[in-house]
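A quick write-up on the structure given underneath.
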């Protein structure tokens with residue numbers, strides 16, 4: 001393993017990332033052990049399991065999991081592998097159950113994971129220790145903040161609040177959109193990118209690409225009577241590699257910030273919404289929620305877009321050159337149906353594999369993944385490296401991080417490099 | 427379009443609908459966007475649901491694509507632009523349509539059909555397997571889409587499920 005995958009010299013205005021970080025199986029394996037097996041990872045939103053017994057299966061950090069609300073209402077997460085001989089316990093994508101039964105030998109577990117029955121138990125020890133040892137295996141840690149459910153496979157991980165640090169504040173802003181709380185709407189956009197997961201992180205943290213990559217989306221907005229750019233946005237380098245980008249007037253936002261394509265009914269609703277918000281919260285917090293859009297990255301697998309609508313994007317690396325992406329739409333629980341209709345339309349116009357913008361992001365990431373084979377192993381200085389230096393002079397002088405620069409991307413890479421090379425703790 | 431003018435929806439037969447769908451497939455594979463859009467009535471929708479919508483409409487659940495008439499026109503404007511990077515160069519598509527069924531429902535014809543669309547790009551071939559659930563109406567003696575819905579039926583989303591082209 002290389003001593004470092006980043007080559008940084010602020011004085012010389014150099015910041016580059018070695019392309020092995022995207023290509024190499026050894027790096028991928030190292031990420032599994034150093035990042036995915038040690039950090040806190042986003043699992044899902046509590047509203048995805050509204051009723052006792054609701055469950056969904058999900059793969060996080062390469063591990064098949066059961067995300068379940070037990071019959072008493074507590075959210076839990078188990079490995080989706082029978083403690084007996086390893087079979088997949090839940091073979092449905094989702095459902096509601098009072099018991100989970102492994103079909104292979106009919107071992108049956110309750111929703112709290114206890115082994116409650118098995119055929120012909122007389123051939124096993126009769127003491128309770130046997131059953132206690134062979135319950136469904138919970139993950140090492142599970143904590144919930146504002147209904148966002150995080151897990152870790154690391155018994156030594158710091159508490160979630162410590163891990164999230166100052167990033168938790170920005171998660172709270174999304175939860176505060178409505179006093180009724182937030183819910184994930186039905187319908188998950190699940191798709192793949194034939195590219196490394198870190199290209200997906202870079203893309204979301206890079207406002208520099210917005211105008212050239214999304215020119216057709218900007219033309220579409222312009223045709224509806226609205227113009228926007230990534231100018232004027234500010235990035236914040238948060239604890240432990242988390243990052244947020246904050247923008248004023250970057251786009252309209254359903255519920256809070258009107259643009260012409262929202263229509264007149266939404267204009268009136270927005271006015272009422274804003275009044276209620278400023279009456280409910282202190283002025284600064286209300287303004288942060290109503291006047292600014294945000295893109296929050298929680299290292300390593302959660303992107304939370306609070307933009308035209310709210311989109312939760314979960315990144316799941318499959319191979320160095322393959323990533324599965326799940327995108328969930330989040331909305332206020334008390335949103336009227338016509339506003340949800342608008343929210344879904346506005347979100348889908350940009351976001352997802354069928355949107356008018358995300359496909360161009362996927363194109364960029366896949367085009368990188370294919371093309372960086374070109375320089376593999378070329379020993380000449382700087383050739384097999386990506387340049388990530390935009391705005392570095394401003395950074396060296398301690399200036400603000402502009403979202404149209406690459407300061408947020410550098411912050412991510414420093415954290416990633418620290419974990420992968422073992423120079424930073426979780 | 428070789429279809430003769432039709433007098434009423436109840437005289438539409440399966441071969442007529444098959445001809446309509448084959449002609450449409452040819453337009454799509456030939457990247458003839460204006461001719462394709464002319465197959466819709468103003469106000470029509472184009473939808474591709476996600477896999478777990480469980481019967482929810484595109485107004486209640488997040489779809490991959492839930493284009494109303496405005497967005498559908500914006501999509502076509504984009505498809506025609508050289509700046510639609512995800513489709514420049516354009517993908518090649520190869521379309522098989524079968525198992526066409528029709529049912530008259532009021533003044534609309536509910537059409538179901540199976541499809542396999544092969545998309546070729548970047549040296550790869552990706553099959554998209556699914557079912558059409560269209561609603562057709564008769565306008566000036568021609569079949570037109572009131573709703574064009576492509577439902578992907580793959581058990582899990584597969585690599586290459588990018589919907590930057592028309593499914």
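Chains as they are written, first to last, in this note's numbering: chain U, 1 to 426; chain F, 427 to 593.
C-beta atoms are modelled at their ideal positions from N, C-alpha and C, and glycine is treated no differently.
Only a predicted model underlies this, so the values are computations on that prediction, with no experimental measurement involved.
Spatially closest choice to residue i from the options, by CA coordinates
| i | options | result |
| --- | --- | --- |
| residue 469 (chain F) | F:435, F:515 and F:563 | F:563 |
| residue 400 (chain U) | U:232, U:345, U:18 and U:135 | U:232 |
| residue 295 (chain U) | U:123, U:171, U:110 and U:63 | U:171 |
| residue 286 (chain U) | U:75, U:177 and U:332 | U:177 |
| residue 243 (chain U) | U:206, U:221 and U:298 | U:298 |
| residue 145 (chain U) | U:264, U:307, U:316 and U:45 | U:45 |
| residue 500 (chain F) | F:442, F:553, F:472 and F:570 | F:472 |
| residue 584 (chain F) | F:477, F:505, F:451 and F:529 | F:477 |
| residue 197 (chain U) | U:329, U:325, U:341 and U:54 | U:325 |
| residue 394 (chain U) | U:5, U:6 and U:14 | U:14 |
| residue 516 (chain F) | F:588, F:569 and F:443 | F:588 |
| residue 467 (chain F) | F:441, F:579 and F:570 | F:570 |
| residue 412 (chain U) | U:62, U:201 and U:209 | U:201 |
| residue 142 (chain U) | U:345, U:74 and U:314 | U:74 |
| residue 492 (chain F) | U:117, U:355 and U:147 | U:355 |
| residue 238 (chain U) | U:260, U:162 and U:221 | U:162 |
| residue 375 (chain U) | U:7, U:22 and U:1 | U:22 |
| residue 191 (chain U) | U:87, U:352, U:34 and U:340 | U:352 |
| residue 440 (chain F) | F:551, F:526 and F:480 | F:526 |
| residue 485 (chain F) | U:409, U:343 and U:398 | U:343 |
| residue 600 (chain F) | F:548, F:463, F:433 and F:550 | The shown model of chain F, from 427 to 593, leaves out residue 600 (chain F), and the question about it has no answer. |
| residue 488 (chain F) | U:362, U:331, U:34 and U:281 | U:331 |
| residue 128 (chain U) | U:179, U:136 and U:115 | U:115 |
| residue 164 (chain U) | U:418, U:120, U:313 and U:240 | U:240 |
| residue 366 (chain U) | U:120, U:159, U:195 and U:58 | U:195 |
| residue 199 (chain U) | U:423, U:370 and U:421 | U:370 |
Secondary structure of residue i, DSSP reduced to three states
| i | result |
| --- | --- |
| residue 427 (chain F) | With a pLDDT of 47 at residue 427 (chain F), under the threshold of 50, the modelled position of this residue cannot be trusted; read the value that follows with caution. Residue state, collapsed to three classes: coil. |
| residue 258 (chain U) | coil |
| residue 64 (chain U) | strand |
| residue 89 (chain U) | coil |
| residue 40 (chain U) | strand |
| residue 152 (chain U) | strand |
| residue 556 (chain F) | strand |
| residue 192 (chain U) | strand |
| residue 457 (chain F) | coil |
| residue 24 (chain U) | coil |
| residue 412 (chain U) | helix |
| residue 437 (chain F) | helix |
| residue 270 (chain U) | helix |
| residue 51 (chain U) | coil |
| residue 588 (chain F) | coil |
| residue 489 (chain F) | coil |
| residue 108 (chain U) | strand |
| residue 385 (chain U) | strand |
| residue 5 (chain U) | coil |
| residue 14 (chain U) | strand |
| residue 420 (chain U) | helix |
Contact list for residue i against chain A, beta-carbon separation under 7 Å
| i | result |
| --- | --- |
| residue 578 (chain F) | In the structure shown, chain A does not exist; the protein chains are U and F. |
Contact belief for residue i with residue j at Cβ below 8 Å, rounded distance in angstroms
| i | j | result |
| --- | --- | --- |
| residue 482 (chain F) | residue 50 (chain U) | Actually they are not in contact, since the Cβ atoms of residue 482 (chain F) and residue 50 (chain U) sit about 14 Å apart, beyond 8 Å. |
| residue 253 (chain U) | residue 307 (chain U) | 7 Å |
| residue 475 (chain F) | residue 543 (chain F) | Contact doesn't hold; Cβ gap of about 16 Å is too wide. |
| residue 217 (chain U) | residue 305 (chain U) | About 14 Å; that fails the 8 Å criterion. |
| residue 429 (chain U) | residue 157 (chain U) | The requested residue 429 (chain U) is not part of the displayed model; chain U covers only 1 to 426. |
| residue 76 (chain U) | residue 113 (chain U) | 7 Å |
| residue 347 (chain U) | residue 293 (chain U) | In fact, because the Cβ distance is near 13 Å, the residues do not count as touching under 8 Å. |
| residue 546 (chain F) | residue 518 (chain F) | 4 Å |
| residue 247 (chain U) | residue 358 (chain U) | Wrong, their Cβ atoms sit about 18 Å apart, outside the cutoff. |
| residue 390 (chain U) | residue 208 (chain U) | 6 Å |
| residue 523 (chain F) | residue 447 (chain F) | 5 Å |
| residue 261 (chain U) | residue 6 (chain U) | Not a contact, Cβ separation roughly 41 Å. |
| residue 55 (chain U) | residue 148 (chain U) | The Cβ separation is near 18 Å, so there is no contact. |
| residue 269 (chain U) | residue 339 (chain U) | 6 Å |
inquiry  = Output needed in chain order: residues of the segment 543 to 572 of chain F with a Cβ under 9 Å from some Cβ in chain U.
reply    = 548, 549 and 550
inquiry  = If the cut-off is 7 Å on Cβ atoms, which residues from the segment 182 to 207 of chain U count as contacting chain F, listed in chain order?
reply    = 185, 186, 187, 188, 189, 190, 191, 192 and 194
request  = Would you list, in sequence order, the uninterrupted alpha helix (DSSP H) runs of no fewer than 4 residues that lie entirely inside the segment 300 to 378 of chain U?
outcome  = 337 to 350 and 358 to 371
key: Proximal residues, the segment 46 to 64 of chain U versus chain F, C-beta separation under 7 Å   = none
query = Can you list, in chain order, the residues of the segment 431 to 446 of chain F whose Cβ is nearer than 8 Å to any Cβ on chain U?
reply = none
query = Between the segment 472 to 487 of chain F and chain U, which residues of the former have CB atoms less than 8 Å from a CB of the latter, in chain order?
reply = 474, 475, 476, 477, 478, 479, 480, 482, 484, 485, 486 and 487
message = Please identify, using Cβ separations under 7 Å, the residues of the segment 511 to 524 of chain F that lie next to chain U, in order along the chain.
response = 511 and 512
key: Interface positions of the segment 325 to 353 of chain U facing chain F (Cβ-Cβ less than 8 Å), listed along the chain   = 327, 328, 329, 337, 340, 341, 344, 345, 347, 348, 349, 352 and 353
task = Identify every run of the beta strand (DSSP E) within the segment 500 to 556 of chain F, keeping only runs that are complete inside it and at least 3 residues long; order them along the chain.
result = 518 to 531 and 534 to 547
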